[in-house]
Structure formats: structure tokens, C-alpha cells
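In UniProt numbering, the protein residues as written are 1 to 123. Data first, discussion second: the structure below is written as C-alpha cells.
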Ligand code: FES
């Protein structure tokens, strides 16, 4: 497996993302709470650029009139039809049978690179 340089980890501050193209695939690399996650930038519904959607919190409810925001910044909402995906797992929030591809992330010194299905972050 060969790596593809994305950039330094410092180029992706906490709460931010960087969209790259590696081996013909567009991939979003997210920094969530100082940890890096990478997902395919293609919505499994109709192919929108998923990572151009907003990042948000998971909204849960224990009953009518009650809701809570959890895991802020861990959910990406597709810009076309608002389907939501867990950035850490790639699974669709409302229907976990749907999933976008995720890539393994490793943090190493100085640089960020991507290798086939794996993302390496060098700090
Ligand atoms: S293309 Fe993403 S929700 Fe429809």
C-alpha cells in the first residue's frame, strides 16, 4: 500500500475537515475532538458530495417534547436530501443498513497521507 500526502495535521483544526482526492476518490478527513476520521465524500443515496454538508450533533429524544443534542460535530448531513451519517462509523443515523465508506486513520509525525483505504495522519 502506498500513501498519498494530504497535509499536516495542523491544517485540519479541531472541528474542521479537509476534502482531498486520493486514487480518484474524494474523501473527507475530519478532526473530531483531536481525533481524525475519514469518510468517502459520496452519499450512498444519490451520490451527492456528502462532506460538503454541514456537521451537526446527534439529536435524540426520550419522548414527545424532549430532545437532546449529543456528540456535537460527529454527524454529517448530506446537502441534497439531509440524510445524516455518523462520521466515525459511516452508518446512516436513521437507517444503519445504509453506510458510506470509512477509512482507517493513523496519526504519525509531521504529515498527513492517504493509502488506498487507510488514512495516515502525521503530526
Ligand atoms: S444524495 Fe445524499 S441524501 Fe440524497
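Ideal Cβ placement from N, Cα and C applies to all residues, glycine included.
Note the first and the last residue of the continuous beta strand (DSSP E) segment covering residue 35. 35-40
Output the boundary residues of the beta strand (DSSP E) element that contains residue 17. 17-22
Which two residues bound the contiguous beta strand (DSSP E) that contains residue 87? Segment: none, residue 87 is in no beta strand (DSSP E) and carries neither H nor E.
For residue 123, is the classification buried or exposed, using 16 other Cβ atoms within 10 angstroms of its Cβ as the cut-off for buried? Because residue 123 sits at a pLDDT of 33, beneath the cut-off of 50, its placement in the model cannot be relied upon, and the following sentence gives the value as read from the coordinates. Under the 10 Å beta carbon count, residue 123 is surrounded by fewer than 16 other beta carbons and is classified as exposed.
Using three-state DSSP, classify residue 1 as helix, strand or coil. Confidence is the limiting factor: at residue 1 the pLDDT is only 49, short of 50, which leaves the residue's position unreliable, though a coordinate-based value still follows. Coil, per DSSP.
If you run the structure through DSSP and keep just helix, strand and coil, what is residue 94? The three-state reading of DSSP puts residue 94 in coil, since its state is none of H, G, I, E or B.
In terms of alpha-carbon separation, which member of 89, 47, 73, 81 lies closest to residue 34? 73
Between the alpha carbons of residue 8 and residue 38, how many angstroms are there, rounded? 15 Å
Check whether the Cβ atoms of residue 53 and residue 13 sit closer than 7 Å, and answer yes or no. no
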